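Enquirer: Residue numbers (our numbering), protein chains in the order written: chain A, 2 to 289; chain B, -1 to 431.
Handing you this structure, nothing more for now.
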Amino acid sequence: MHIAVCIKQVPDSAQIRVHPVTNTIMRQGVPAIVNPFDLFALEEALRIKDRTGARVTVLSMGPPQAEDALKKCISLGADDAILVTDKAFSGADTLATSYVLAAALRTLHEKQPLDLVFTGKQTIDGDTAQVGPGIAIRLGYQLLTYVSRIAKIDVQDSRIVVERRAEGGVQVLESRLPAVITMLEGTNTIRFADMPGMFTAARQQTQHWNREAIGITDLTQVGLKGSPTVVAQVFAPKPKAVRALRIEGETPAAMAEAFVDKLFTDYPQLEEALLEHLDQLAAQEQQS
Amino acid sequence: MEKFDVIVVGAGPSGNAAAYTLAKAGVNVLQLERGESPGTKNVQGAILYAHALEEIIPDFRDSAPLERHVAEQRMWMMDEASVCTGMTHRDARFSTPPYNRYTIIRARFDRWFSAKVKEAGALVICETTVSELLRDAQGRVVGVRTEREHGDILADCVILADGANALLGSRAGLRREIKAEDMALVAKEVLFLPKETIDARFNISGDEGVVIELAGNVTHGMVGTGFLYTNKDSISIGIGCMLGDMKRQTITPYQLLEGLKRHTAVRPLIEGAEMKEYSAHLIPEGGLKALPQLYGDGWLVVGDSAGFVNGIHREGSNLAMTSGRLAAESLVALKAAGKPFDARHLAEYKRRLDDSVIIADLKKYADVPDFLHNKPHILDVYPRLLGNAAHEMFMVDGQSKRAKQQKIYAELKSRRSLLGLLGDAYHFWRAFR
Ligand SMILES: Cc1cc2nc3c(=O)[nH]c(=O)nc-3n(C[C@H](O)[C@H](O)[C@H](O)COP(=O)(O)OP(=O)(O)OC[C@H]3O[C@@H](n4cnc5c(N)ncnc54)[C@H](O)[C@@H]3O)c2cc1C
C-alpha cells in the first residue's frame, strides 16, 4: 500500500505581524512550520503505516526552504519526501497548486501506485480548503473531506470506510480506493519523533522535482499565470475602540454589587428573567 | 547505537565555532541543539566582533546577515530620570572597511552560522535537548542522553557549549553550581522603527550604526549596565544587573527596562517604535575567579558555559567563538597524533586557552567583579555627582565659576569622605590596571 501526504510549510501565524507603516505582512524572522492541519493527516497516514506496513511519501510544493518541513515529516516516520519546486510555480493560488500537485502525484503513482492521498483540512495561511478537492477531481480519485476517523481499510478489495463530520451528525462512508482524504483537526495527536527518526531525517536527501520531472509543459496553468485569484488589497482591520467600563469599589463585595447594579440598569430584561427564574425555583421547592 | 568522534551540545557561537572547525578538519561530529532552529533560544545585544569570526570563516562578510557596522560609540552616565552625561567617540577609521564591529540579530546570525556548519559536513540535529551526560564505570564521559526515545548517543568527546546555565556540567557534578553573585540577568527588547527614522535620530547613514553603553542610576544602585544598539530597521535596548543584587532589591528586570525606556535621554530615540521581541537571559560575569574546571575525561566546556565573558567590555560571543575554535583545534591535533581524549591529553585545551586573549583579558579584570560587588556605590554616587557637577558648570546664573567649583567640591565631600574617595580611586586602579 502506498500513501501520499501533501503538506505545506507556512509561517507560524501566531508570530506574524503586520508592518505598522506599509500594512504588509512581515514574514521576516517568523518561524516556518508544517501547516498544523497537515499534521493530523500525516499522523493518520503513519498510523495506517504502523498497522499495515504501508509506504508513506510526503509531498510539498514550495520554495527550497520548505525542505525543513519535509524533513520534519521524515523524522516522524514518513519514508520519502519530495519537494516539488520550480521558479515557475511561485505565486500559485489553490487552482494552480492543485494542478501541480496532481501532476506530481501522477508521476509518483507511475513509480509506485497510490492507494490514498491525504491532505489537511485547510492551511492556516490560506484557509480555503480547496487544494484537497482540487487534487481529487484532477486525478479522478474518490473525495472524502472532513474525515474524523478511518474505520476500516481493505487493501485487497480496494475499499475504505471512514467517518466524516457533517452538519448535525457523523456520516459513515464506504468508498473505493484510490481516494483523497482531507483530515479534520483534533482527530489524533501527532507523535514525538524518536532519536533514530531524527537521525534519518538529518541524513536523508529530499528529492527535488521541477516542472520537467512532473511533465508540466503548459506554463499558463501554473504559478501566478495559472492563478485566477487576485489579491486586490491587504489591510489590517482597525480594532474598534470601545472604552472599557471601570467598576470601582472598596472591597470585592462592593465591586460585585456595583457590577450587578450596572448590569441590571443597562439590561432590565436580564433582571426580570432572573427574578422569574428564582420564582420558579421557589415554587418548585414548595411543591416537593 | 550511534557513535561519533565528537558531540557538540548547543548551537550558539561557541558550539558552532567548535562544530565548524571539527567538521572542516574531517572529524565525525554531531551537534545537538534544543531550539526549533539554531538561534531561537539565544539572546545577545548584539555586537559581533569581527576578529574572532574571521579566524574561523575569513570571508564571513560575504554571506553573514550583518545589520550595521559600528561607526559611533556613546557612553552615557545616567542619573534618575532626567540627567545624562556622556561622551561620544566617532572615528572615520571605524567606518572604513573591513569593519571591526557589527550589530547583528542573533536569530538570523545563528541560523547562518549553522548553515555553514552543515556545509562543512557536521550532522546537526535541532529540537533535541540533551538531558544528561553518559558516564562509564570510571566516570569518563562517553556520550549523551537526549530527551527523545532511544536517545542515547556515544562519542569519544563531548563539548559542552550549552550556554550560561551550564546545567549539564552541574548535573554531572563536573562543576559546582553557579552562584547568583556571578550571574547578571539582562532584559532586552527589539523595537521596530523604519530605517530612515533610525538614520535621522542617530545621525547616521547607509550601514553605519551607533552603540550606546549606559551606566549609572538606571540600575537603581545595583551593579549593572544598559545598552542601546541600532540594527537596520530596529533598535535593541536592554539593561541588566547582577542576579544577587536583584534578588535582594526585589526589582524585576522588566521594571528596570521600563524605567530605562522612560528616561529623558532614551525616550525620544525610541518614540513610536513597535516592540518586536522581548527576552531575558543570563550572562556569567564572575570572571576569572569563577571559572569552572574546563576539561576532563571525555569532555570540554566552551563559551558561556565555561564563563568566558568580559562583562566590562561586553564581550562574550567572541570569546565563545574563540574558545570553541580552540577546543576543536585541540581535539583535531590530538586525533592526528593518535592520542585519546582523556583528561591528561585534553589539558592541551587549557594550554591553548592560557596562551589566548581569553585568559589574558579575564586575568586583567579578575578583580573587577569583587570590586564592583564591594563598592556598588561607584555606579550610583559618581554618576549623580558627575551629573550635578555638569549641571552646575553649564548653568549660567550669575554665580562665579569658582563658587560653582566650591559647591561641587562640597557636594563631593558630603557624599564620600576624602578617604573614601581615595580608596575608591585606589581600588578602581587596582581592578582595572
Ligand atoms: C542581553 C545580552 C547582551 C549581550 N551582548 C553581547 C554583545 O553585544 N557582544 C558579545 O560579544 N556578547 C554579548 N553577550 C554575550 C553573548 O551573548 C554570549 O557570550 C554568547 O551567546 C555565548 O555563546 P555560547 O555559544 O557559549 O552560548 P549560547 O549562545 O547561549 O548558546 C547555547 C546554546 O546551547 C543550547 N542548549 C543549552 N542547553 C542545551 C541542552 N541541554 N541540549 C541541547 N542544547 C542546549 C541553547 O539552546 C543555545 O542555543 C550578550 C548577552 C546577553 C544576554
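Glycine residues also receive a C-beta, built at the ideal position from the N, C-alpha and C atoms.
Quick caveat, the model's predicted, so the values are computed rather than measured.
Using CA atoms only, rank isn't needed, just tell me which of B:Ala178, B:Arg146, B:Asp154 and B:Thr101 is closest to B:Met244.
Expert: Minimum Cα distance to B:Met244 is reached at B:Ala178.
Enquirer: List, from N- to C-terminal side, the beta strand (DSSP E) runs of 3 residues or more that fit wholly inside the region 286 to 320 of chain B.
Expert: If we require 3 residues or more, the beta strand (DSSP E) runs fully inside the region 286 to 320 of chain B come out as 297 to 299.
Enquirer: Classify A:Arg212 as buried or exposed, calling it buried when 16 or more other Cβ atoms lie within 10 Å of its own Cβ.
Expert: Buried, by the Cβ-count rule.
Enquirer: A:Leu77 and A:Arg192 look like a contact to me (Cβ under 8 Å); what is the Cβ gap, rounded to whole Å?
Expert: Indeed they touch by this definition, with Cβ atoms about 6 Å apart.
Enquirer: Rounded to whole angstroms, what's the CA-CA distance from A:Thr58 to A:Gly127? Just pull it up for me.
Expert: Distance between the alpha carbons of A:Thr58 and A:Gly127 is about 23 Å.
Enquirer: Can you tell me where the alpha helix (DSSP H) with A:Thr95 in it begins and where it stops?
Expert: It spans Thr95 to Lys112 - the alpha helix (DSSP H) in which A:Thr95 sits, taken as one unbroken run.
Enquirer: Have a look at A:Leu275 and B:Leu267 and give me their C-alpha separation to the nearest angstrom.
Expert: Their backbone Cα atoms lie some 56 Å apart in a straight line.
Enquirer: What span of residues does the alpha helix (DSSP H) with A:Ala203 cover, start to end?
Expert: That run of the alpha helix (DSSP H) goes Met196 to Arg204.
Enquirer: Can you pull the chain B neighbours of A:Pro32, defined as C-beta to C-beta under 8 Å?
Expert: Those are Glu34, Ser35 and Thr38, listed as they occur along chain B.
Enquirer: What span of residues does the beta strand (DSSP E) with B:Phe58 cover, start to end?
Expert: First-last for B:Phe58: undefined, no H or E at that position.
Enquirer: Enumerate, from N- to C-terminal direction, the unbroken alpha helix (DSSP H) stretches of 4 or more residues contained entirely within the region 188 to 213 of chain B.
Expert: Fully enclosed alpha helix (DSSP H) runs of 4 or longer: 193 to 200.
Enquirer: Would A:Phe236 count as contacting chain B if we go by Cβ distances under 8 Å?
Expert: Not one chain B Cβ lies under 8 Å of A:Phe236.
Enquirer: Pull up the DSSP beta-bridge partners for A:Trp210, would you.
Expert: Per DSSP, A:Val85.
Enquirer: What's the gap between the Cα of A:Met2 and the Cα of A:Arg48?
Expert: So the alpha carbons of these two residues sit roughly 13 Å apart.
Enquirer: Which runs of the alpha helix (DSSP H) at least 4 residues long sit entirely within the region 258 to 288 of chain B? Give them in chain order.
Expert: Listed in chain order, the complete alpha helix (DSSP H) runs (minimum 4 residues) inside the region 258 to 288 of chain B are 265 to 268.
Enquirer: What does the alpha-carbon distance come out to for the pair B:Tyr407 and A:Ala259?
Expert: Roughly 60 Å between the two C-alpha positions.
Enquirer: What do you get for A:Met184, buried or exposed, if any count of 16 or more other CB atoms within 10 angstroms of its CB means buried?
Expert: Answer is buried; the Cβ neighbour count reaches 16.
Enquirer: Quick one: does A:Asp195 have its CB under 8 Å from some CB of chain B?
Expert: Taking Cβ atoms only, chain B reaches closer than 8 Å to A:Asp195, which makes this a yes.
Enquirer: Could you name the residues of the region 195 to 221 of chain A whose beta carbon sits closer than 9 Å to any beta carbon of chain B, in the order they occur along the chain?
Expert: The region 195 to 221 of chain A vs chain B, Cβ under 9 Å: Asp195, Met196, Pro197, Gly198, Met199, Phe200, Ala202, Ala203 and Arg204.
Enquirer: What does B:Gly204 reach in chain A if we use C-beta pairs closer than 9 Å?
Expert: Within chain A, no residue comes near B:Gly204; the closest Cβ sits about 20 Å away, beyond 9 Å.
Enquirer: How many angstroms separate the CA atom of B:Asp150 from the CA atom of B:Arg169?
Expert: Answer to the nearest angstrom: the Cα atoms are 17 Å apart.
Enquirer: Using a Cβ cut-off of 7 Å, pull out every chain A residue sitting near B:Thr228, in sequence order please.
Expert: Correct list: empty, because the minimum Cβ distance to chain A is about 17 Å.
Enquirer: Run down chain A in chain order and give the residues with a C-beta less than 9 Å from the C-beta of B:Leu121.
Expert: Result: Phe200, Ala203 and Arg204.
Enquirer: Suppose the cutoff is 6 Å on Cβ atoms and the five residues either side in sequence are ignored; what does the same chain contact list for B:Ser80 look like?
Expert: Counting only Cβ-Cβ distances below 6 Å, and skipping sequence neighbours, we find Thr262.
Enquirer: Indicate, with yes or no, if ligand 1 has a heavy atom lying under 7 Å from the CB of B:Ala44.
Expert: Yes - ligand 1 has a heavy atom lying nearer than 7 Å to the Cβ of B:Ala44.
Enquirer: Along chain A, in chain order, which residues have C-beta atoms closer than 8 Å to that of B:Gly149?
Expert: Going along chain A in sequence order, the residues near B:Gly149 (Cβ under 8 Å) are Asp195 and Met196.
Enquirer: Taking B:Gly141 as the reference, give the member of B:Ile5, B:Gly24 and B:Ala334 with the closest Cα.
Expert: Selected option, being the one with the closest Cα: B:Ile5.
Enquirer: Just to confirm, does B:Asp302 get its C-beta within under 7 Å of one of the non-hydrogen atoms of ligand 1?
Expert: At least one heavy atom of ligand 1 is nearer than 7 Å to the Cβ of B:Asp302, so yes.
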